[in-house]
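Asks: After the structure tokens below, expect a handful of questions from me.
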Amino acid sequence: MMERLHKYMARTGIASRRRCEQLIASGLVKVNGETVTRPGILVDPSEAKVEINGKTIKETEAKIYLALYKPRNYVTTLHDPQGRRKVTDLIKDIPHRLFPVGRLDYDSEGLLLLTNDGQLTYLITHPSHRIPKTYLAWVEGNPSSEELSMMTEGILLSDGWTSPAKVSLQRNTKYGSLLKITIYEGRKRQIRRMCDQIGHSVKRLKRISIGQLKINGLKPGQHRFLTLEEIEQLKKSAGILS
């Protein structure tokens, strides 16, 4: 069965689809000995020999799914020009090259999914699937019900209106408030910008769930393998399983 080259590469787990497209465009990929630069060419995975920098990729690599509690002051990128600590530094005991699914800001903490399943990564991060992500946000001051409604209904940011979110007040104190926020998008620093927009800056932000996958039991820097049930739930959410 013929398949787009970049999709096949992502499915083997070597990188995300976007990164695979970049590798192809950079002239680092060969198919049956010939360099290709168009990501969309069709290949037959059962017959084609695909190489990256001279190394043949195979579809047989085991798929690994890992839940990590990302501490604050770690980046989710694989390379950082500033030399900051990376989340991959926390999983050096895993003998597989894993990639973070989506982003979690440097100064934020909480649940991060890592995998070498390129197809799942692409589908979970694609906005059309609206995978819910839930956070606890400690904010300055005490937001009013009207301000919380603004976030619930959608709020105008510099890059457009946000989709409606679920927002509930967990606690009010003289030092600030604790909010529980569920969003269905993945914009850069979205929750922080939403809270800034209503005048209550985020002091601390922690992601506690992605879909039905929860951070329960993990401490900062710890990781665990997903159960088969959790993997199936994620795949159903992403539309891979019915």
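Using the working numbering, the first residue of the sequence shown is number 1, and each one after it goes up by one. We treat Cβ as the ideally placed atom computed from N, Cα and C, and that holds for glycine.
#1: Quick one: Cα of residue 46 to Cα of residue 110, how far?
#2: On the premise that residue 125 lies in contact with residue 87, defined as a C-beta separation below 8 Å, what is that separation, rounded to the nearest angstrom?
#3: Are there three or more Cβ pairs, one per stretch, closer than 8 Å when the segment 118-132 is compared with the segment 8-16?
#4: With distances taken from CA atoms, which of 55, 240 and 136 is nearest residue 179?
#5: Tell me, which residues are paired with residue 137 by DSSP?
#6: Cβ of residue 3 less than 8 Å from any chain B Cβ?
#7: At 3 residues or longer, and completely inside the segment 11-94: list those beta strand (DSSP E) runs for me, N to C.
#8: Mind checking whether residue 183 and residue 191 have CB atoms under 8 Å apart?
#9: Spatial neighbours of residue 285 within its chain, please: CB distance less than 7 Å, with the 5 preceding and 5 following residues excluded, ordered by chain position.
#10: For residue 200 versus residue 91, is the C-beta spacing smaller than 8 Å?
#11: Leaving out five residues on either side along the sequence, give the residues of the same chain with a beta carbon under 8 Å from the beta carbon of residue 84.
Replies: Inspection of the coordinates gives the following:
#1: Translated into positions along the sequence shown, residue 46 becomes position 46. Translated into positions along the sequence shown, residue 110 becomes position 110. Going from the Cα of residue 46 to the Cα of residue 110 covers about 40 Å.
#2: Stepping through the sequence shown from its first residue, residue 87 is reached at position 87. Stepping through the sequence shown from its first residue, residue 125 is reached at position 125. The pair is not a contact, with the Cβ atoms about 16 Å apart (cut-off 8 Å).
#3: yes
#4: Here residue 179 is taken as the residue at index 179 of the sequence shown, counted from 1. Residue 136 holds the alpha-carbon nearest to the alpha-carbon of residue 179 among 55, 240 and 136.
#5: Here residue 137 is taken as the residue at index 137 of the sequence shown, counted from 1. In DSSP, residue 137 forms a bridge with 179 and 205.
#6: In the structure shown, chain B does not exist; there is a single protein chain.
#7: Correct list: 29-31, 34-36, 50-52 and 65-70.
#8: If you number the sequence shown from 1, residue 183 lands on position 183. If you number the sequence shown from 1, residue 191 lands on position 191. Yes; because the gap between Cβ atoms is below 8 Å, this pair is in contact.
#9: In this structure the chain extends from 1 to 242, so residue 285 is not present and cannot be described.
#10: Against the sequence shown, residue 200 aligns to sequence position 200. Against the sequence shown, residue 91 aligns to sequence position 91. No. Outside cutoff.
#11: Here residue 84 refers to the residue found at position 84 of the sequence shown. Same-chain partners within the cutoff: 73, 74, 75 and 106.
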